[in-house]
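The numbering used here applies: residue 2 is where the sequence shown begins, and numbers increase by one.
What follows is a set of notes on a single structure, which appears directly below.
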Amino acid sequence: MKLNWAERWVVNSPTQVLKQRLELRWMKNTQSLVEGAKVLEVGCGHGAGAHLINESFRPSLLHALDLDVRMVLKAKARLLGGDEERISLSVGDVVHLPFKDNALDAVFGFGVLHHVPDWRGAVREIARVLNSGGHYFIEELYPTLYQNIITKHILLHPKEDRFFSHDLRDALKDAGIPLNKTREVKKAGIIGIAIKKR
Ligand SMILES: C[S@@+](CC[C@H](N)C(=O)[O-])C[C@H]1O[C@@H](n2cnc3c(N)ncnc32)[C@H](O)[C@@H]1O
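See the structure below:
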């Protein structure tokens with residue numbers, strides 16, 4: 002589901018970029034990637050995350066995609082500039098990823114699944130494209146934050162089948178990519194690293 006004006010404003014703010022920088026730092030310090038890793042970011046928004054992923058992990062290939070063409074255009078303006086051999090962007094849906102099975106070493110997703118009506122399908126799709134031992138770096142929010150008495154009137158999110166910690170953990174485990182390392186604020190949200198079983 003695309004963002005409304007209010008959430009676009011939040012997501013494009015400098016505070017969000019700072020938050021993402023801190024999350025990426027934790028991810029990098031917690032889990033390294035293989036040399037020459039092939040990496041995807043789903044729901045890349047305006048490209049700040051992909052920029053930081055590129056800086057921190059220096060993947061050999063980085064593809065970023067988003068459902069919203071306006072976001073992809075912003076991300077292209079931020080990311081492309083002579084590095085098109087290594088970095089590419091496209092409009093795309095996390096539930097139907099344009100990659101073969103086991104094609105990628107890592108997938109990153111910051112605040113995306115809680116925007117996706119079929120978030121369980123998205124988790125299965127991410128598991129499909131990861132190679133065995135591949136990593137899914139995830140940051141997500143729970144409905145307490147985005148569907149409370151105030152935010153539900155301002156922000157636009159799917160309403161059915163939302164997830165809290167145990168739902169997300171179960172879905173990742175069922176898809177064969179159990180969460181391995183996490184930092185979680187109870188009822189608010191989680192950052193973590195899931196690993197595809199060998
Ligand atoms: C809360 S924003 C986060 C953007 C970015 N990851 C960040 O942290 O700044 C969620 C993003 O997911 C995108 N999105 C929503 N549903 C999607 C889907 N099914 N497939 C791909 N992207 C999606 C939205 O367009 C939006 O850019």
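Note that beta-carbon positions come from the ideal geometry of N, C-alpha and C, so glycine has one too.
These numbers come from a predicted model, not from an experiment.
Please find out if some non-hydrogen atom of ligand 1 comes closer than 7 Å to the beta-carbon of Val95.
Checking every heavy atom of ligand 1 against the Cβ of Val95, one is found closer than 7 Å.
Report yes or no: do three or more beta-carbon pairs, one from the stretch 77–89 and one from the stretch 154–170, lie closer than 8 Å?
Between the stretch 77–89 and the stretch 154–170, the count of C-beta pairs closer than 8 Å stays below three; the two stretches do not touch.
Met28 beta carbon near ligand 1 (any heavy atom closer than 7 Å):
No, Cβ of Met28 sits at least 7 Å from all heavy atoms of ligand 1.
Secondary structure at Leu131, three-state DSSP: helix, strand or coil?
Judged by DSSP in its simplified three-state form, Leu131 adopts strand.
Let me make sure I understand the geometry here. Which of Lys101, Val12 and His97 has the alpha-carbon closest to that of Ala49?
Distances from the CA of Ala49 to each of Lys101, Val12 and His97 were compared; the closest alpha carbon is that of Val12.
To the nearest angstrom, how far is it from the Cα of His64 to the Cα of His116?
Taking the straight line from one Cα to the other gives about 20 Å.
For Met72 versus His47, is the C-beta distance shorter than 8 Å?
Less than 8 Å divides the Cβ of Met72 from the Cβ of His47.
Sorted by chain position, which residues of the same chain lie with C-beta nearer than 6 Å to Arg121's C-beta, five sequence neighbours on each side aside?
Taken in chain order, the residues that qualify are Ala172.
Reduced DSSP secondary structure (H/G/I, E/B, other) of Asn181:
Asn181 carries a strand assignment under DSSP once its states are collapsed to helix, strand and coil.
Rounded to whole angstroms, what's the CA-CA distance from Asp119 to Phe100? Just pull it up for me.
The straight-line gap separating the alpha-carbon atoms of Asp119 and Phe100 is approximately 19 Å.
Could you check whether the Cβ of Glu56 sits closer than 7 Å to any heavy atom belonging to ligand 1?
Flag unset: Cβ of Glu56 not near ligand 1.
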